[in-house]
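>
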Amino acid sequence: MYDSIVIGAGIAGSVIARQLAQKGGRSVLVVEKRDHIGGNCYDAPDRYGILVHLYGPHIFHTNMEDVFAYLSRFTEWNLYENGHQVVADVNGRRIPIPFNLNTLHMVYEERLAEELEKKLVAAYGEGSRVPIMKLRENPDPQIRDIADFVYENIFLHYTMKQWGQTPEEISPEVTGRVPVLISYDNRYFQDKYQGVPLQGFTPMFERMLAHEKIHVLTGTDAGELLRFGEKEIFYRDEKFSGEVIFTGALDELYGCCYGRLPYRSLRFDFSHLDADDFQDGRSVVNYTVSEEFTRITEFKYLTGQENADGTTIVREYPFAYAGKDGEIPYYAIQNKENEALYERYRLRAAQIPNLYLLGRLAEYKYYNIDAMTKKALDLAETLIKEN
Ligand code: FAD
Ligand code: UDP
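Position in the sequence shown counted from 1, then plus 6, gives you our numbering.
Structural data, given as structure tokens:
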């Protein structure tokens, strides 16, 4: 018998399993329905030997010293010297995003750009980060003109592809992730640490889960071993009173009894090219006004792989998750209605005192890897203190 059961071997499940085992001295069973660990961070070489991220490009980035130190116990890093940089392809012209003062000087002629720069600095302060939806509220017609340019050329079409909705219709926090920068900073993230694990994400997860008190079962849906009653959990038909940490989609745990929680999904279209380079040394190019895909990632520039023969790229095509076989829910669509539905499931789960919800799916939130790691560390701490 195990002391604790963790459902899902993504970053949330793996971090908490490690902490419960190592710090809490628990024997932990990790149940993962995919045939590998790592969740959406999973990477592996493709058949051409190029390391690819099977569930979309993942760049670790954080300002949290404790999170960086913790993950560094399981991996060395390839930290990007100049940060992660992204350009938008606007009808064939490539401009730095987030939109910043470099972008401003590319799209406006020099004298006007100077004038606009002064205005932006006066209005928001040098170095500030202004969400596009805020910039659009500025009464100054010249600033509004910049806002319209950014909205139309960077946000509107990309957001329609990604979410099937306009920037007005989705939560402002989502577009706020990529604010207009009143600085000459071309980096996509402003965090102190940004990069990828030196040998890849999967080896980092392997080391994290390699502990004598952790047993990992991949290719196993939690439903095969566990049954969730109204107030208790059964493991192989016996009542299980240890803690169960669930990191999957909460509606699916309850057979979607109150209706499906809406998610966006993605189809990844990988191609291998018999060429040295596809997008001029850039790891990620966003297609913000054209195409049906949102972005193209060229993996060797993301991972720093030097011995690559040819190059492998992936295009991302978003669509509405319908729960069909093989579909994966990637993004919770956060709005009042969906959160109210989530709340019904959460209240039902709260009736089971030893069930804990953790993770991007189980909490119906838009977490990055670092925030997820932090939450898992905190929950482990609480559980270890309580018992
Ligand atoms: P997941 O990684 O989804 O893990 C949950 C696991 O639970 C999965 O492996 C799933 O198979 C398993 N599971 C679910 N239900 C069951 C069940 N019933 N039984 C058994 N197992 C089950 N974050 C960043 O910081 N930087 C990035 O660049 C970045 N890029 C991203 C790109 C894309 C396309 C996406 C979708 C996300 C990106 N993220 C990024 C976010 C990052 O993927 C998440 O923060 C992280 O994966 C969340 O970890 P998790 O453990 O909560 O979820
Ligand atoms: N976004 C956009 N154009 C871009 C980049 C981002 O419209 O070129 C919007 C879009 O709505 C996206 C959101 O900003 O979903 C957040 O972008 P981010 O890159 O943070 O999304 P991620 O890929 O990390 O989920």
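Ideal Cβ positions, reconstructed from N, Cα and C, are used throughout, including at glycine. None of these values were measured; they are calculated from a predicted model.
1) So if I measure from each beta-carbon to every heavy atom of the ligand UDP and keep distances below 7 Å, which residues remain?
2) Please give me, in chain order, every unbroken run of the beta strand (DSSP E) with length at least 3 that falls completely inside the region 216-240.
3) According to DSSP, is Ala128 helix, strand or coil?
4) Check the DSSP bridge columns for Ile251 and list the partner residues they point to.
5) Suppose you measure from the CA of Ile152 to the CA of Glu298; what does that come to, to the nearest Å?
6) Can you check the region 44-96 for any alpha helix (DSSP H) of at least 4 residues that lies completely inside it and give the ranges in chain order?
7) Quickly, what does DSSP pair Asn292 with across the bridge? List them, please.
8) Return the first residue and the last residue of the beta strand (DSSP E) that Pro203 is part of.
9) Is the distance from the Cβ of Met139 to the Cβ of Pro104 below 8 Å?
10) Based on the DSSP secondary-structure assignment, which residues constitute the bridge partners of Tyr372?
11) I need the boundaries of the alpha helix (DSSP H) containing Leu367, first residue and last residue.
12) If you draw a straight line from the alpha carbon of Val222 to that of Gln28, how long is it in whole angstroms?
13) Using only the heavy atoms of the ligand FAD, determine whether one of them is closer than 7 Å to the beta carbon of Thr303.
14) Judging by CA-CA distance, which residue of Ala50, Tyr337, Asp286, Glu349 is the nearest neighbour of Phe211?
15) Is the beta carbon of Ile375 less than 8 Å from the beta carbon of Ile43?
16) Three or more beta-carbon pairs under 8 Å between the region 105-112 and the region 189-207, yes or no?
17) When the Cα atoms are used, what is the spatial distance from Lys167 to Glu392?
18) Answer yes or no: the CB of Pro51 versus the heavy atoms of the ligand FAD, is any distance below 7 Å?
19) Expressed to the nearest angstrom, what Euclidean distance is found between the alpha-carbon atoms of Glu387 and Leu364?
20) Tell me the DSSP bridge mates of Asp275?
21) What's the gap between the Cα of Ile176 and the Cα of Met7?
22) Return yes when at least one heavy atom of the ligand ATP lies under 7 Å from the C-beta of Pro63, else no.
23) When the Cα of Asp283 is compared with those of Leu308, Tyr269, Gly316, which residue comes out closest?
24) If we call anything under 8 Å between Cβ atoms a contact, is Thr81 one with Pro209?
25) Would you check if there are 3 or more beta carbon pairs closer than 8 Å linking the region 319-327 to the region 235-242?
26) Look at the alpha carbon of Trp83 and the alpha carbon of Pro203, and state the distance between them as a whole number of angstroms.
27) Helix, strand or coil for Ala377? Go by DSSP, reduced to three states.
28) Going by alpha carbons, who is nearest to His163 out of Glu143, Thr300, Val136, Arg117?
29) Which residue comes first and which comes last in the beta strand (DSSP E) that contains Pro102?
30) Taking only three categories from DSSP, how would you classify Tyr157?
31) Given this structure, state the Cα-to-Cα distance separating Gly19 from Gln205, to the nearest angstrom.
32) Classify Gly265: buried if its beta carbon has 16 or more other beta carbons within 10 angstroms, exposed otherwise.
33) Let me check understanding here. Comparing Cα to Cα, which of Glu304, Lys219, Arg321, Glu218 lies closest to Ala314?
34) For Arg350, which of helix, strand or coil comes out of DSSP?
35) Do the region 340-354 and the region 257-272 make contact, defined as three or more Cβ pairs closer than 8 Å?
According to the structure data:
1) Residues flagged by the Cβ proximity filter: Ala94, Ile103, Ile160, Phe161, Tyr164, Thr165, Gln168, Trp169, Pro173, Ile176, Val180, Thr181, Arg183, Val184, Asn292, Thr294, Tyr337.
2) Listed in chain order, they are 220-223, 232-234.
3) Locating residue 128 in the sequence shown gives position 122, where the first residue counts as 1. It is helical.
4) Taking the first residue of the sequence shown as position 1, residue 251 is located at position 245. DSSP lists Val12, Tyr362 as the bridge partner or partners of Ile251.
5) To locate residue 152, count along the sequence shown from 1; it is residue 146. To locate residue 298, count along the sequence shown from 1; it is residue 292. When rounded, the distance between both Cα atoms is 25 Å.
6) 71-77, all fully within the region 44-96.
7) Your numbering for residue 292 matches position 286 in the sequence shown. Ala94, Arg301.
8) Start at 1 with the first residue of the sequence shown, and residue 203 comes out as number 197. Counting along the chain, the beta strand (DSSP E) containing Pro203 begins and ends at 199-203.
9) On the sequence shown, residue 139 is found 133 positions in, with the first residue counted as 1. On the sequence shown, residue 104 is found 98 positions in, with the first residue counted as 1. Their beta carbons are not under 8 Å apart, which means Met139 does not touch Pro104 by this criterion.
10) Numbered from its first residue, the sequence shown carries residue 372 at position 366. Note: Tyr372 sits in no beta bridge, so no partner.
11) Working through the sequence shown from its first residue, we reach residue 367 at position 361. For Leu367, there is no enclosing alpha helix (DSSP H), since its DSSP letter is neither H nor E.
12) Residue numbering aside, residue 222 sits at position 216 when the sequence shown is read from its first letter. Residue numbering aside, residue 28 sits at position 22 when the sequence shown is read from its first letter. Going by the C-alpha atoms only, they are around 15 Å apart.
13) Along the sequence shown, one-based indexing puts residue 303 at 297. No, since every heavy atom of the ligand FAD falls outside the 7 Å radius drawn around the Cβ of Thr303.
14) By one-based count along the sequence shown, residue 211 stands at place 205. Among Ala50, Tyr337, Asp286, Glu349, the Cα nearest to that of Phe211 belongs to Ala50.
15) The sequence position of residue 375 within the sequence shown is 369, counting from 1. The sequence position of residue 43 within the sequence shown is 37, counting from 1. In this structure, Ile43 does not lie closer than 8 Å to Ile375 by Cβ.
16) In short, these stretches touch, since the Cβ pair count reaches three.
17) Position 161 of the sequence shown, counting from 1, holds the residue named residue 167. Position 386 of the sequence shown, counting from 1, holds the residue named residue 392. Using only the alpha carbons, I get a separation of about 45 Å.
18) Position 45 of the sequence shown, counting from 1, holds the residue named residue 51. Every heavy atom of the ligand FAD is 7 Å or more from the Cβ of Pro51, so no.
19) By one-based count along the sequence shown, residue 387 stands at place 381. By one-based count along the sequence shown, residue 364 stands at place 358. Answer to the nearest angstrom: the Cα atoms are 14 Å apart.
20) For the purposes of this step, residue 275 is taken as residue 269 along the sequence shown, with counting starting at 1. Partner residues in the beta bridge of Asp275, as assigned by DSSP, are Arg321.
21) Working through the sequence shown from its first residue, we reach residue 176 at position 170. Working through the sequence shown from its first residue, we reach residue 7 at position 1. Distance between the alpha carbons of Ile176 and Met7 is about 45 Å.
22) Looking for the ligand ATP in the displayed structure turns up nothing; the ligands present are the ligand FAD and the ligand UDP.
23) For the purposes of this step, residue 283 is taken as residue 277 along the sequence shown, with counting starting at 1. Measuring from the Cα of Asp283, the nearest candidate turns out to be Gly316.
24) Looking up residue 81 in the sequence shown gives position 75. Looking up residue 209 in the sequence shown gives position 203. Result yes, Cβ atoms of Thr81 and Pro209 sit closer than 8 Å.
25) Touching, no.
26) If you number the sequence shown from 1, residue 83 lands on position 77. If you number the sequence shown from 1, residue 203 lands on position 197. Trp83 and Pro203 have their C-alpha atoms some 4 Å from each other.
27) Mapped onto the sequence shown, residue 377 falls at position 371. Looking at Ala377 - three-state DSSP - the assignment turns out to be helix.
28) Numbered from its first residue, the sequence shown carries residue 163 at position 157. It is Thr300.
29) In the sequence shown, residue 102 corresponds to position 96, counting from 1. Taken as a continuous stretch (DSSP letters only), the beta strand (DSSP E) holding Pro102 covers 99-103.
30) By one-based count along the sequence shown, residue 157 stands at place 151. Correct three-state label for Tyr157: helix.
31) Taking the first residue of the sequence shown as 1, we reach residue 19 at position 13. Taking the first residue of the sequence shown as 1, we reach residue 205 at position 199. Answer to the nearest angstrom: the Cα atoms are 21 Å apart.
32) For this step, residue 265 is matched to residue 259 along the sequence shown. When all chains shown are included, Gly265 counts as exposed.
33) Taking the first residue of the sequence shown as position 1, residue 314 is located at position 308. Nearest C-alpha to Ala314: Glu304.
34) The residue labelled residue 350 in the question sits at position 344 within the sequence shown. In the structure shown, Arg350 sits in a helix (DSSP, three-state: H, G or I).
35) Between the region 340-354 and the region 257-272, the count of Cβ pairs shorter than 8 Å is three or higher; the stretches touch.
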